[in-house]
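> One structure follows; several queries about it will come next.
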Amino acid sequence: MADGSAKPATKPASAKKPAPKLEVGPVNFSADGRRRRAFTIRAWSVRHSRFLEWLYQRFAGILEAFHFLFAAVGYDRAERPVSLMERSVKGFMFDCRMCGQCVLSSTGMSCPMNCPKQLRNGPCGGVRADGNCEVIPEAPCVWVKAWEGSRQMQGGDAILNIQKPVSQALRDTSSWLRVTREAAAKKEAKA
Ligand code: SF4
Numbered sequence: 068m069a070d071g072s073a074k075p076a077t078k079p080a081s082a083k084k085p086a087p088k089l090e091v092g093p094v095n096f097s098a099d100g101r102r103r104r105a106f107t108i109r110a111w112s113v114r115h116s117r118f119l120e121w122l123y124q125r126f127a128g129i130l131e132a133f134h135f136l137f138a139a140v141g142y143d144r145a146e147r148p149v150s151l152m153e154r155s156v157k158g159f160m161f162d163c164r165m166c167g168q169c170v171l172s173s174t175g176m177s178c179p180m181n182c183p184k185q186l187r188n189g190p191c192g193g194v195r196a197d198g199n200c201e202v203i204p205e206a207p208c209v210w211v212k213a214w215e216g217s218r219q220m221q222g223g224d225a226i227l228n229i230q231k232p233v234s235q236a237l238r239d240t241s242s243w244l245r246v247t248r249e250a251a252a253k254k255e256a257k258a
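Right, here's the structure in full:
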C-alpha cells in the first residue's frame, strides 16, 4: 500500500542498544587497584620487619663507609641522587612520603606518614574493632601494624619512645644521608 498512512519502519533491535559507556581516564588505571597493591606491599614489609631491620643495619654500614665520598663530593651535591633513590625504594616498600626524618626502625616498618592524621605517636582513639582505620575503613590502622611489626624486631621497644613533631624543613630530603652524616660526625667526635 502507498496511501501515505504507512507507519515508519521499526528500527532493528540492534539499533536500540545503548551506546557503550566511555571509559574516562587513562587506560588500565585503577586508583583502587594501586591502593590495594600499596597496602599489600606495606603489609609484606611489616611482616618482614625483622629481616628489613637487619638489612637496613647492613645498608647503613655501607652508607657510612661511603661517608668519605659524600664528604668529598659534598653532602649537598649528593642529596639529589640519593634522595631520588631513597624515594623510589622506600616509596615502593613503605609508601614513603619523604618526611626526611625516618622512624621506620621505631615503628615496626610501618610508615606513620601513611596515617591519614599523620600521627607520629599513635594510634589515635579511633581505631576500629577490626584494627582498621577510622578515616579509611578498608585500610588497616598504620599504628596497629606498627605495633605488630615492632614485636618482631630486635630494637622493637623503640616504638615506646615519644617521637618529635615532624620538621617541615626536612621534608623531601634524604634520611639516609642525614643519618650517615650524623653517624660519621659522632665517630669523628669520639676519635
Ligand atoms: S617515616 Fe618519613 S622517611 Fe620514613 S618511610 Fe615514612 S615518610 Fe618516608
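In our numbering, the protein residues as written are 68 to 258.
Note that the Cβ used here is the ideal one computed from N, Cα and C, for glycine as well.
As the structure is a computational prediction, the values presented were derived from the model and not from experiment.
(1) Who sits around the ligand SF4, taking every residue whose Cβ is closer than 7 Å to one of its heavy atoms?
(2) Which of the three DSSP states, helix, strand or coil, is assigned to residue 181?
(3) If we call anything under 8 Å between Cβ atoms a contact, is residue 145 one with residue 137?
(4) In angstroms, rounded to a whole number, what distance separates the CA positions of residue 134 and residue 184?
(5) Going by DSSP, what residues sit across from residue 207 in a beta bridge?
(6) What is the C-beta distance between residue 165 and residue 154, in whole angstroms, given that I count them as a contact (C-beta under 8 Å)?
(7) Near residue 225, which residues of its chain fall below 7 Å by C-beta distance, leaving aside the five closest residues on each side in sequence?
(8) What is the DSSP secondary structure of residue 231, counted as helix, strand or coil?
(9) Using alpha carbons as the reference points, say which of 207, 252, 221, 258 lies closest to residue 197.
(10) Find the nearest neighbour of residue 245 within the set 113, 170, 213, judged by alpha-carbon distance.
(11) Hey, how far is the Cα of residue 230 from the Cα of residue 109?
(12) For the alpha helix (DSSP H) holding residue 220, just list the boundary residues, first then last.
In brief:
(1) Taking a cut-off of 7 Å from the heavy atoms of the ligand SF4, the residues with a C-beta inside it are 157, 161, 163, 164, 165, 166, 167, 168, 169, 170, 171, 178, 179, 180, 242.
(2) helix
(3) Cβ distance < 8 Å, so residue 145 and residue 137 count as in contact.
(4) 36 Å
(5) 199
(6) Contact annotation, residue 165 with residue 154: C-beta distance approximately 6 Å; criterion of less than 8 Å satisfied.
(7) Closer than 7 Å at Cβ, skipping near neighbours: 172, 173.
(8) Of the three classes helix, strand and coil, the one that applies to residue 231 here is coil, per DSSP.
(9) 207
(10) 170
(11) 21 Å
(12) Segment: none, residue 220 is in no alpha helix (DSSP H) and carries neither H nor E.
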